[in-house]
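Working notes, structure below.
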Amino acid sequence: MKKSQKQSRSRKSGSGTVATPAPRPGRNSHTLAAIDIGSNAVRFALAELTPGGALQILDERRRPTRLGANLAARGKLPKEGVKATIAAVKEFCFDAARHGVLAMRLVATAAVREAPDGAAFVARLERETGMRVSIIGTDEEARLAFRSCTDAIDLSKRHAAIADIGGGSVQISLSHNGTLYESISLPLGAVRLTSMFGGAVRIHQPATDKKLRKHVRSVLARSLPTPPSEVDLLVGCGGTFASLLSMLTNSPRSGAGSRGGSTSLKPRACTRDEFETLGETLKAMNLVERERWLTRLKIPTDRADILPAGIIVAEEIIAALQVRTIAPHGGGVRDGLLRELAMMSPVPAFLPSAARRIAMDAAYERDHSEHVANLALALLSDLADVDRVRDALKGELEVPEILESAGVLHDVGVPIDYDRHHKVARRIIELAWFPGASPRLRAIIANIARYHRKSLPAPDHAAFTALPRRDQAIVQALAGILRVADGLDRTHTGTVHGVRVRITRTLIEIIAEGAKSNDENIKAAQKKSDLLAAIARRKVVVKAEDRSKQSPHDGTEAASHRRGKSKRSEKSRSSEPGRPRPGATRVSSR
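First residue of the sequence shown: 17, per this note's numbering; consecutive thereafter.
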């Protein structure tokens, strides 16, 4: 590093200027940092990654900012909130640089995500700190909170809901045996609602309390997903639950009062009655009494005015889900960031390998899913030469990897909700930690898995229509292939051990090796060939292998496949426009 690069930079904090030394990467190559720019506060954590892969928290702090004070009015970010946020982020970046962190991530949530000047604020923050700031979406916010929860609470044998009550929004997520399969974001943050309903003083009035509850119930009734089975645990994240966790333990945190920490207390389960008693105790206090109570428990007092709104939201979520056990958890997005940073590998992840990790975590049916993925790849080897399929996939270098990943993941929703497992699979993929998959590839894979059964892509399917037209074409082409491959193993027995494909100008004939006539797998594959036929604009016929007859090669293109391994046969002599001539470059890449 040049000497000039080692010179101190400067940062403004309030009215003073503080020297900010440049990072020294060699100083501590196992230290990680995370900054969560929330609607109520900026949270910072510094952790050391131990040789065993565990995280040891070295420092955690928060600075109240009220950046989301104008969310209810959908206005610009408040000037005081912007000023406080920038000062806090600079302070935390300075400390991270001083420790020479290996990796650090800064994210912004609802307040910045929804503000009309959010992008401009991030650009300013990046200029003043020299750090990249990501405005994360609601799915990523849910995943990070879930990551924090699973690190503190064993959810591997629970059907759990996770409620992360922030200042601007509430993330409500559902998990089954440790797999996150649904999440929604609702505009029910504690700062937003306190502002909407007249502030800290009016919110205590019975009439306001009633109106607030009615509003929260209405939003939940419209938006809260119906779990496929009973939810046996609610894990609560965010400031409201962190405060109630401290009240449950009824003991001060060691040093946490000055640092603003929240994760030094282990989650403690309580009954719904206990939770409601705590809530009523807090709501019965006036603002001054509540501040004194929070001070005694070493809870940040800037939460005092927004706690009533947060408690009402928590109570209504508990009632709507009919949960009897609640586990307040002090962690959240910031802690999830640290844990994902710790899991990152310097070697780029191979897409299908990452997909298999997700599938194994979801307890997928390995034999069937892997067999379908192999059959799909075998079909792709020849169908990629069909002109309209080729046009849909043109220029996409990772086609086989995309299709293999979707094939491995297509049934991950089965253990949760069989009737809707194709839709559940899409949400699992969208919500999972998927290293190696860009947001674009993740969306493509999720939609391919979603359309492996039932309805075809339609204009009223929001997740599909949100894709660019080119990506929609990729989804349709690969989902068409996956549907047939899945049908070929309808019995989950691996009866069809290979395929041969014959292609003419008007026909795609798929010959299933190992199947018998009127086989259930043949019928299912024929029924599910609808999307492939629509994309290729050819009739698709799926039939069992007839060893007593030899298929003619003249005027057709044929290929043999055994257990996913292909051997190209004689090329077609067809002069169909757009078809590749012998020796032409294939569209798909291996």
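All C-beta atoms in this analysis are idealised placements derived from N, C-alpha and C, irrespective of residue type, glycine included.
Quick one: which unbroken alpha helix (DSSP H) runs of 4-plus residues sit fully inside the region 167 to 220? Chain order, please. 206 to 212 and 215 to 218
Does the region 338 to 353 come close enough to the region 467 to 476 to have 3 or more Cβ pairs within less than 8 Å? no
Would a check of beta-carbon distances place F110 closer than 7 Å to chain D? Protein chains in the displayed structure number just one, and chain D is not present.
With a CB to CB cut of under 7 Å and the five nearest residues on each side skipped, what residues in its chain are close to G254? D180, I181, G182 and G348
Roughly how far, in whole angstroms, is the beta-carbon of I334 from the beta-carbon of K299, given that I think they are within contact range, below 8 Å? Going by Cβ atoms, the distance from I334 to K299 rounds to 15 Å, so no, they are not a contact pair.
DSSP state of Q488, grouped into three classes? helix
Any chance the region 198 to 212 sits against the region 229 to 241, with 3 or more Cβ pairs inside 8 Å? yes
Put P39 into one of helix, strand or coil per three-state DSSP. Residue placement at P39 is flagged as unreliable, the pLDDT there being 40, under the threshold of 50; the coordinate-derived value follows with that caveat. Note: P39 maps to coil in three-state DSSP.
At the level of alpha carbons, what is the spacing between S369 and D167? 23 Å
Pick from T520, R174, V105 and G184: whose alpha carbon is nearest that of A85? G184
Distance, Cα to Cα, H175 vs V430? 15 Å
Alpha helix (DSSP H) runs contained entirely in the region 402 to 427, provided each spans 4 or more residues: 403 to 409 and 415 to 425
Span separating the alpha-carbon of D383 from that of K544: 21 Å
From D75 to R308, what does the alpha carbon distance come to, in whole angstroms? 26 Å
Kindly indicate which three-state DSSP category S150 falls into: helix, strand or coil? strand
Considering only their Cβ atoms, is the gap separating L523 from K555 smaller than 7 Å? yes
Can you give the Cα-Cα distance for A131 and C109, rounded to whole angstroms? 24 Å
Looking at the secondary structure, which residues open and close the alpha helix (DSSP H) in which R456 lies? P455 to R466
As assigned by DSSP and simplified to three states, the class of I512: According to the sequence as given, residue 512 is Val; it is not Ile. In this structure, V512 counts as coil in the three-state DSSP scheme.
Applying the criterion that 16 or more other CB atoms from any shown protein chain within 10 Å of the CB defines a buried residue, is M120 buried or exposed? buried
Assuming R355 contacts L71 under a Cβ cut-off of 8 Å, what Cβ separation, rounded to an integer in Å, is found between them? 7 Å
Closest to L240 by C-alpha separation, out of E64, A206, E198 and V217, would be which residue? E198
Rounded to whole angstroms, what's the CA-CA distance from L393 to H192? Just pull it up for me. 30 Å
6 Å Cβ shell around D609 - same chain, five flanking residues per side excluded: Examination of residue 609 is not possible in this model, given that the chain is present from 17 through 606 alone.
May I have the straight-line CA-CA distance separating M360 from A528, to the nearest angstrom? 42 Å
In chain order, which beta strand (DSSP E) runs of at least 3 residues are fully inside the region 522 to 556? 523 to 529
Skipping 5 residues on each side, what residues in its chain have a beta carbon closer than 6 Å to that of E525? R518 and V557
Applying the 10 Å Cβ sphere with the 16-neighbour rule, what's the burial state of D289? exposed
Measuring CB to CB, does L249 end up less than 7 Å from L447? no
Check the C-beta distance from N56 over to P80 and give it rounded, since I have them as a contact under 8 Å. 7 Å
Span separating the alpha-carbon of V123 from that of D401: 44 Å
Take F60 and list the residues in its own chain whose beta-carbon comes closer than 6 Å to its own, dropping the five residues that flank it on each side. I51, R77 and F108
For H220 and M301, I'd like the C-alpha separation in whole angstroms. 9 Å
Let me make sure I understand the geometry here. Which of V117, L141 and I73 has the alpha-carbon closest to that of K99? L141
So, helix, strand or coil for E561, using DSSP? coil
Taking C-alpha atoms, which residue in I538, T509 and D433 lies nearest to P244? D433
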